[in-house]
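Engineer: Sharing a structure below in structure tokens format, with a few things to ask.
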Amino acid sequence: MRQMLLVARRDLAGYLNSFWGYAVIAALLLVEGLFFNGFALGNQPKYSSKVIEDFFYLTFGITTAASILLTMRLVAEERQTGTIVLIDASPVSSWQLVGGKYLSAMTVLVAMVAATAYMPALVFVNGKVSYGHIFAGYLGVVLVVGAVAAVGTFASAISRSQLVAGFTSVAITVSLVVMWLLAKVADPPIADIFSYLSLFERHFRGFMRGQINSEDVVFYLSIAFVFLMLASRFMAARRWR
């Protein structure tokens, strides 16, 4: 655990000392603020609960993009700069390395999510919405961030460059998002499998509406665990080459 925290601290310092991390977060928060003002609030009167649903719909897309952009550098950058050789020679295990890098990315991403809290707070003050609805929505967002960040960590672990890692992460994430479309054209039981694997349609809409379903929580945690495990196995296999 100590080694994992050291890796996380090192990578977190890299985020905080680089322009890239701040630029990505600032740009995406600006985009979300503009969309929230124009799309979620709009010119037409809306129920507060509907505004909150629209907010979390926007946040899903923005934080998914942020997760991809911030994780594509995790391991691929080490390869590009040559520091991966030093990491391979260190006593840090593959699981500790992957876990530490994932933890650093999650720290930045959760901080970014927390920075959006003023938007639902405005709705809460000026409208009528429950604490539970806001809590459920943010829980869903953090779970999505955790799942997509794990996908990005895996993509970075298997890629030689940050660009390739980014494209790989986008391909996997988009595939999971559009699974519900495949479910519509497939026959059971394949359709049920595609439907279950849908990152947004099947599992996130409940959180948007303020509903917490244990099946959805388990799904996102499982996605995160599987891709982190795959990343760890790949890094371990690479060391033995």
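So in the working numbering the end of the sequence shown lands on 247, straight run, no missing numbers.
From the three backbone atoms N, C-alpha and C, an ideal C-beta is built for every residue, glycine too.
For clarity, every value in this text was computed on a predicted model and none was experimentally measured.
Does any residue of chain B bring its CB to less than 9 Å from the CB of arginine 208?
Structural biologist: This model lacks chain B altogether; it includes just one protein chain.
Engineer: Please classify valine 183 as buried or exposed, where buried requires at least 16 other C-beta atoms within 10 Å of its C-beta.
Structural biologist: Under this definition valine 183 is a buried residue.
Engineer: Evaluate serine 228 with the Cβ neighbour count: other Cβ atoms within 10 Å of its Cβ, from every protein chain shown; 16 or more gives buried, anything less gives exposed.
Structural biologist: With fewer than 16 other Cβ atoms within 10 Å, it is exposed.
Engineer: For the putative contact between valine 74 and valine 37, defined by C-beta atoms under 8 Å, what is the C-beta separation to the nearest angstrom?
Structural biologist: Reading off the sequence shown, one finds isoleucine at residue 74, where the question assumed valine. Incorrect: roughly 14 Å between the Cβ atoms, too far for contact.
Engineer: How should glycine 216 be labelled, buried or exposed, when 16 other C-beta atoms within 10 angstroms of its C-beta is the threshold for buried?
Structural biologist: Buried, since its Cβ has 16 or more Cβ neighbours within 10 Å.
Engineer: With DSSP as the reference, label aspartate 193 as helix, strand or coil.
Structural biologist: Coil.
Engineer: Taking only the alpha-carbon atoms, compute the straight-line gap between methionine 214 and alanine 142 and give it to the nearest angstrom.
Structural biologist: Methionine 214 and alanine 142: Cα-Cα distance of roughly 7 Å.
Engineer: List, from N- to C-terminal side, the alpha helix (DSSP H) runs of 4 residues or more that fit wholly inside the stretch 42-87.
Structural biologist: Runs found: 54-77, 82-87.
Engineer: Pairs of beta-carbons, one from the stretch 97-104 and one from the stretch 173-193, closer than 8 Å: are there three or more?
Structural biologist: Because the criterion of three Cβ pairs below 8 Å is not met, the stretch 97-104 and the stretch 173-193 do not touch.
Engineer: Within the continuous alpha helix (DSSP H) that includes arginine 211, where are the two ends?
Structural biologist: Element bounds for arginine 211: 211-214.
Engineer: Excluding the 5 residues preceding and the 5 following valine 129 in the sequence, name in chain order all residues of the same chain whose CB lies nearer than 8 Å to its CB.
Structural biologist: Contacts found: Ser54, Val57, Ile58, Phe61, Val135.
Engineer: If leucine 12 and glycine 152 are in contact, beta carbons under 8 Å, what's the gap, nearest whole angstrom?
Structural biologist: The Cβ separation is near 21 Å, so there is no contact.
Engineer: Taking the continuous alpha helix (DSSP H) assigned at glutamine 217, which residues delimit it?
Structural biologist: Taken as a continuous stretch (DSSP letters only), glutamine 217 belongs to no alpha helix (DSSP H), as it is neither H nor E.
Engineer: Do the stretch 222-242 and the stretch 146-161 meet, that is, are 3 or more Cβ pairs less than 8 Å apart?
Structural biologist: Short answer: they touch.
Engineer: With distance defined between alpha-carbon atoms, name the residue in Val104, Leu115, Tyr144 nearest to phenylalanine 231.
Structural biologist: If we check each option's Cα against that of phenylalanine 231, Val104 comes out closest.
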